[in-house]
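Mapped onto our numbering, the consecutive letters of the sequence shown carry residue numbers 877 to 1181. A virtual CB, placed ideally from N, CA and C, is assigned to each residue, including glycine. Note that this is a predicted model, so its numbers are computed, not measured. Worksheet for the structure shown next.
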Amino acid sequence: MDCLDKLIQLAQVSGEVNIRCLFQGEWQVRHDADENQYVGAFHLIEQGDCWLTLENQQIHLQAGELFFLPQNRPHFIASKAQDNVIQTRITPSDAQEDQQDLFKVYHIGQNSPDLKMFCGMLYYNKPSLLIDALPSYLHLSLRDTPLLPLIQVLQQEADKTRSGAKSLIDSLVTVLFIYILRHGLQNEQLNQGVLAGFQDKRLNPVLTQLLNAPQQAWNMDTLAALAAMSRANFMRVFQHTIGMAPGKFLTQLRLQQAALLLNKTQKSILAIALEVGYQSEAHFSKAFKIAYGMTPSQYRKREAL
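Following this line, the structure appears as structure tokens:
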């Protein structure tokens, strides 16, 4: 498992397509932000084009392109560029709504749609070193990539309700998320937080060791030696690049590993505390509650619902 795999695992990413838009003519819809900071939204254009407004930016989206908001923020989508954004939100009274087994389908217009678009959500564990390192949005084209056929698979599954279609579509959303990260790294769009650290030749070996063995009794001298820097210079570079001190990073890493174990295993609280590097259950539980707002036992019960 490489470092990106590990960060994705710790983020506990899952996704779904929840709306398909089939729009004709002139239209404009509003997408409100989710109250949960750790929910992302995406729009995948199957056919046609549209304009997305995010704050003061207008972005042209075309067939075969994907727009991803890691932390869902208010935005507007319209059939054409807008001088003034109308503060309206699509409702069943604005568009014909079909409730299919897979997702809702919104229709605007009586003729064949000019725009076909999948809309979906991505869900993550909170907090997450990976999600905190992502920019406000990513806009990428799937054209001329190995993932272009993915749109065709989504279309086929959406048009023909077959056994397992929901699970298949939602699994493809997770594949999309991983591809988004790869694309962002390859195009140097992911240059903050832990992802910036992995691109720094001095910090990369440090982060790799911490991710692979967060339970070890790491100290600043050992980490600085891995980076081939003095202790003072290492702490300065780490803080500047990743946005937090090495000790805070290690604490977050240990607690996110613990959250994963609480969710995915039946190990005792004490066993998990020891596995991620804490010497006592009490010390671990106190740190976990500060980060997650609940005890490890409460977190496990919530995730089991």
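**Asked** If you check the beta carbons only, do residue 892 and residue 1045 fall under 9 Å apart?
**Response** Translated into positions along the sequence shown, residue 892 becomes position 16. Translated into positions along the sequence shown, residue 1045 becomes position 169. For residue 892 and residue 1045, yes; Cβs fall inside 9 Å.
**Asked** With burial defined as no fewer than 16 other Cβ atoms inside 10 Å of the residue's Cβ, what is the status of residue 882: buried or exposed?
**Response** The residue you call residue 882 lines up with position 6 of the sequence shown. Buried is the call here.
**Item:** Close-in-space but distant-in-sequence residues of the same chain around residue 909 (CB under 8 Å, 5 per side omitted)
**Value:** The sequence position of residue 909 within the sequence shown is 33, counting from 1. 948, 949, 950, listed in sequence order.
**Message:** Taking 6 Å as the limit between beta carbons, can you name the residues of its chain near residue 991, skipping five residues before and five after?
**Reply:** On the sequence shown, residue 991 is found 115 positions in, with the first residue counted as 1. Once the five neighbours on either side are set aside, the close Cβ partners of residue 991 are 899, 924, 926.
**Prompt:** Start and end of the alpha helix (DSSP H) containing residue 1177?
**Reply:** Sequence index remark: in the sequence shown, residue 1177 carries index 301 (1-based). Start and end: 1172-1180.
**Asked** What residues match up with residue 995 in a beta bridge as DSSP calls it?
**Response** The residue you call residue 995 lines up with position 119 of the sequence shown. Paired residue(s): 895, 919.
**Request:** Quick one: using the 10 Å Cβ neighbour count with 16 as the cut-off for buried, is residue 1170 buried or exposed?
**Result:** Counted from its first residue, the sequence shown places residue 1170 at position 294. Exposed.
**Validate contact between the region 982-1001 and the region 912-924 using beta carbons, cut 8 Å, 3 pairs** = yes
**Request:** Report all residues from its chain with a CB closer than 6 Å to the CB of residue 901; omit the five preceding and five following residues, and keep chain order.
**Result:** Start at 1 with the first residue of the sequence shown, and residue 901 comes out as number 25. Cβ neighbours of residue 901 beyond the five flanking positions: 985.
**Item:** Three-state secondary structure assigned by DSSP to residue 954
**Value:** In the sequence shown, counting from the first residue as 1, residue 954 sits at position 78. Here residue 954 sits in strand by DSSP.
**Message:** Per DSSP, what are the beta-bridge partners of residue 906 in this structure?
**Reply:** If you number the sequence shown from 1, residue 906 lands on position 30. Partner(s): 952.
**Prompt:** So, helix, strand or coil for residue 1031, using DSSP?
**Reply:** Along the sequence shown, one-based indexing puts residue 1031 at 155. Residue 1031 falls in the helix class under three-state DSSP.
**Item:** Assigned exposure category for residue 957 - 16 Cβ within 10 Å defines buried
**Value:** Position 81 of the sequence shown, counted from the start, is the residue given in the question as residue 957. Exposed: under 16 other Cβ atoms inside 10 Å.
**Request:** Kindly indicate which three-state DSSP category residue 941 falls into: helix, strand or coil?
**Result:** Looking up residue 941 in the sequence shown gives position 65. Residue 941 falls in the strand class under three-state DSSP.
**Prompt:** In terms of DSSP beta bridges, what is residue 925 paired with?
**Reply:** The residue labelled residue 925 in the question sits at position 49 within the sequence shown. 938, per the DSSP bridge assignment.
**Asked** Are the CB atoms of residue 1074 and residue 1013 nearer to each other than 9 Å?
**Response** Mapped onto the sequence shown, residue 1074 falls at position 198. Mapped onto the sequence shown, residue 1013 falls at position 137. No, the Cβ-Cβ distance between residue 1074 and residue 1013 is not below 9 Å.
**Request:** Take residue 1015 as the anchor and find which of 1034, 1089, 1082, 921 has the nearest alpha-carbon.
**Result:** Working through the sequence shown from its first residue, we reach residue 1015 at position 139. Among 1034, 1089, 1082, 921, the Cα nearest to that of residue 1015 belongs to 921.
**Message:** Assuming residue 1130 and residue 1105 are in contact, meaning their beta carbons sit under 8 Å apart, how far apart are those beta carbons, in whole angstroms?
**Reply:** Indexing the sequence shown from 1 puts residue 1130 at position 254. Indexing the sequence shown from 1 puts residue 1105 at position 229. Going by Cβ atoms, the distance from residue 1130 to residue 1105 rounds to 23 Å, so no, they are not a contact pair.
**Asked** How long is the line joining the alpha carbons of residue 1080 and residue 1035, rounded to whole angstroms?
**Response** Counting from one through the sequence shown, the residue named residue 1080 turns up at place 204. Counting from one through the sequence shown, the residue named residue 1035 turns up at place 159. Answer to the nearest angstrom: the Cα atoms are 45 Å apart.
**Prompt:** Looking at C-alpha atoms only, which residue of 1026, 1124, 953, 886 is the closest neighbour of residue 1049?
**Reply:** As a working mapping, residue 1049 is identified with position 173 in the sequence shown. Taking only the C-alpha atoms, the option nearest residue 1049 is 1026.
**Item:** residue 946 vs residue 884 beta-carbon contact at 9 Å
**Value:** The count along the sequence shown starts at 1 and reaches residue 946 at position 70. The count along the sequence shown starts at 1 and reaches residue 884 at position 8. It is not a contact, given that the beta carbons lie outside the stated cut-off.
**Prompt:** In the DSSP assignment, what are the bridge partners of residue 933?
**Reply:** Residue mapping note: residue 933 aligns to position 57 of the sequence shown, counting from 1. Beta-bridge pairing links residue 933 to 930.
**Asked** Do residue 953 and residue 889 come within 9 Å of each other at the CB atom, strictly closer than that value?
**Response** Here residue 889 is taken as the residue at index 13 of the sequence shown, counted from 1. Here residue 953 is taken as the residue at index 77 of the sequence shown, counted from 1. Not a contact, by the Cβ cut-off of 9 Å.
**Prompt:** What is the residue span of the alpha helix (DSSP H) that residue 1079 lies within?
**Reply:** Within the sequence shown, numbered from 1, the residue matching residue 1079 stands at position 203. It is not in any alpha helix (DSSP H) - residue 1079 carries neither H nor E in the DSSP assignment.
**Request:** Provide the residue span of the beta strand (DSSP E) that contains residue 1017, from first to last.
**Result:** Taking the first residue of the sequence shown as position 1, residue 1017 is located at position 141. 1014-1017 is the span of the beta strand (DSSP E), which, as asked, contains residue 1017.
**Item:** CA-to-CA distance, residue 1003 to residue 1166, given in whole angstroms
**Value:** Numbered from its first residue, the sequence shown carries residue 1166 at position 290. Numbered from its first residue, the sequence shown carries residue 1003 at position 127. Between residue 1166 and residue 1003, the C-alpha separation is close to 11 Å.
**Message:** Please return the same chain residues whose Cβ sits closer than 7 Å to the Cβ of residue 1076, not counting the five positions on each side in sequence.
**Reply:** Taking the sequence shown and counting its residues from 1, one reaches residue 1076 at position 200. Excluding residues within five positions, the ones whose Cβ falls inside 7 Å are 1117.
**Item:** residue 936 burial status per 10 Å Cβ neighbour count (16 or more: buried)
**Value:** Here the question's residue 936 lines up with position 60 in the sequence shown. So residue 936 counts as exposed.
**Asked** Between the beta-carbon of residue 1153 and the beta-carbon of residue 1092, is there less than 9 Å?
**Response** Here residue 1153 corresponds to residue number 277 of the sequence shown, with the count starting at 1. Here residue 1092 corresponds to residue number 216 of the sequence shown, with the count starting at 1. The answer is yes: Cβ separation under 9 Å.
**Asked** For the alpha helix (DSSP H) that contains residue 989, what are its first and last residues?
**Response** The sequence position of residue 989 within the sequence shown is 113, counting from 1. It is not in any alpha helix (DSSP H) - residue 989 carries neither H nor E in the DSSP assignment.
**Request:** Starting from residue 1047, trace the alpha helix (DSSP H) both ways and give me its first and last residue.
**Result:** Start at 1 with the first residue of the sequence shown, and residue 1047 comes out as number 171. Taken as a continuous stretch (DSSP letters only), the alpha helix (DSSP H) holding residue 1047 covers 1041-1062.
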